[in-house]
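Oh and the sequence shown: position 206 is 762 in this note's numbering, straight run, nothing missing. Positions of the beta carbon are idealized from the N, C-alpha and C atoms, including for glycine. Treat the numbers as computed from the prediction; the structure is a model and nothing was measured. Notes for the one structure printed next.
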Amino acid sequence: MRALINQKYFPILQKSNYTILKSRKRAKYCGKVTFLVFDIIKIFGRLSSKELLGHVISHNNDFVQLEKKKKKKKWEILFHNDYINYDVLKTFLQNSIFEWPLTVNSGQIKNQGPIDIPVAPIVYVENCRKISEQLKNKNKNAKINLKIINDYVSELPISDDAIQCVFASFSNLDNLTRDSFIMKIHEWAPSDGIVDWYTFVYNLKEEPSDNIKRFFD
């Protein structure tokens with residue numbers, strides 16, 4: 557059961573750059589690969605958009621809109637040309653601003669309203685400590701905040717295996733159309749068209765090498 561506790565806009569590739577799609581390079585899923593939970597966080601944090609239920613990949617659901625004025629979702633920017641392949645996805649991720657995905661804790665803490673909670677809190681805390689140590693070397697009074705964390709992670713590389721896994725989870729072909737992506741959203745989330753963090757990782761074709769539990773703990 558799916559849990560419901562739950563830009564940097566980069567210049568979209570011009571049509572001439574999409575000639576790589578014509579090469580028909582098949583994006584096969586090659587089985588055993590190696591990537592970390594952190595790599596999936598880096599990807600979901602660039603594909604999902606912040607809405608009322610936290611960071612989600614959603615389609616055609618007005619209930620979860622964060623603002624009345626609708627903005628383009630990140631995945632809609634990805635599909636600027638209606639179809640992509642692995643190389644386009646990789647370029648998009650490399651040039652997009654990262655936001656640590658958040659879920660919403662609603663009513664689980666006494667006398668508290670909804671609270672944004674970072675997904676994979678163990679991984680989140682690990683990175684907070686790393687950044688804190690780096691900052692202390694420069695300024696002993698420096699304090700960590702979400703913006704600093706997001707800026708830090710935005711500069712880190714993403715495993716090619718993780719990108720391949722995500723692409724293959726959405727498509728078994730060499731390319732992925734916008735319509736097929738939307739169909740996959742509704743396949744994964746048939747009741748509401750809202751793919752949250754938990755739904756996303758549940759539907760990946762491969763588990764991370766450092767323990768699936770770190771997705772949730």
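Put residue i into one of helix, strand or coil per three-state DSSP.
| i | result |
| --- | --- |
| S765 | coil |
| P670 | coil |
| V620 | With a pLDDT of 49 at V620, under the threshold of 50, the modelled position of that residue is not reliable, and the figure given next carries that caveat. DSSP places V620 in helix when its eight states are reduced to three. |
| T755 | helix |
| V675 | coil |
| I653 | coil |
| N683 | helix |
| L691 | helix |
| K696 | coil |
| K740 | helix |
Quick one: what's got a C-beta closer than 7 Å to residue i's C-beta in the same chain, skipping five residues either side?
| i | result |
| --- | --- |
| R774 | The chain is shown only over 557 to 773; residue 774 falls outside these bounds and no answer can be derived. |
| A725 | The displayed chain sequence assigns Ser, not Ala, to residue 725. Hits under 7 Å: N759, L760 and K761. |
| T733 | D638 and Y639 |
| L622 | Reliability of the predicted coordinates at L622 is poor, the pLDDT of 49 falling under 50, and no value is obtained from them. |
| F594 | V679 |
| I704 | I687 |
| W744 | V751, T755 and N759 |
Just grab the DSSP bridge partners of residue i for me.
| i | result |
| --- | --- |
| V612 | S605 |
| T647 | None; T647 has no bridge partner. |
| I750 | S614 |
Nearest to residue i by alpha carbon, out of the options?
| i | options | result |
| --- | --- | --- |
| I750 | L760, D643, K606 and S688 | K606 |
| V660 | P764, Y754 and I714 | Y754 |
| W656 | V681, E763 and K696 | V681 |
| S710 | N641, H615, F635 and N683 | N683 |
| E763 | D643, K686, S604 and I719 | I719 |
| H742 | A676, I673, D730 and N616 | N616 |
| D672 | L702, F600, E632 and D643 | L702 |
| F635 | N767, I596 and N731 | N731 |
Spatial neighbours of residue i within its chain, please: C-beta separation below 6 Å, excluding the five flanking residues on both sides.
| i | result |
| --- | --- |
| T590 | D717 and S765 |
| K646 | I719 |
| A698 | L691 |
I'd like the span of the beta strand (DSSP E) that includes residue i, first residue to last.
| i | result |
| --- | --- |
| I640 | Y639 to N641 |
| N661 | L658 to N661 |
| T733 | N731 to T733 |
Which residues mark the beginning and the end of the alpha helix (DSSP H) in which residue i is found?
| i | result |
| --- | --- |
| N706 | L702 to S710 |
| L634 | K630 to L634 |
| I719 | D716 to F726 |
Can you list, in chain order, the residues of its chain with a C-beta nearer than 8 Å to that of residue i? Leave out the 5 residues immediately preceding and following it.
| i | result |
| --- | --- |
| K598 | L649, F654, V709, L712, I714 and A718 |
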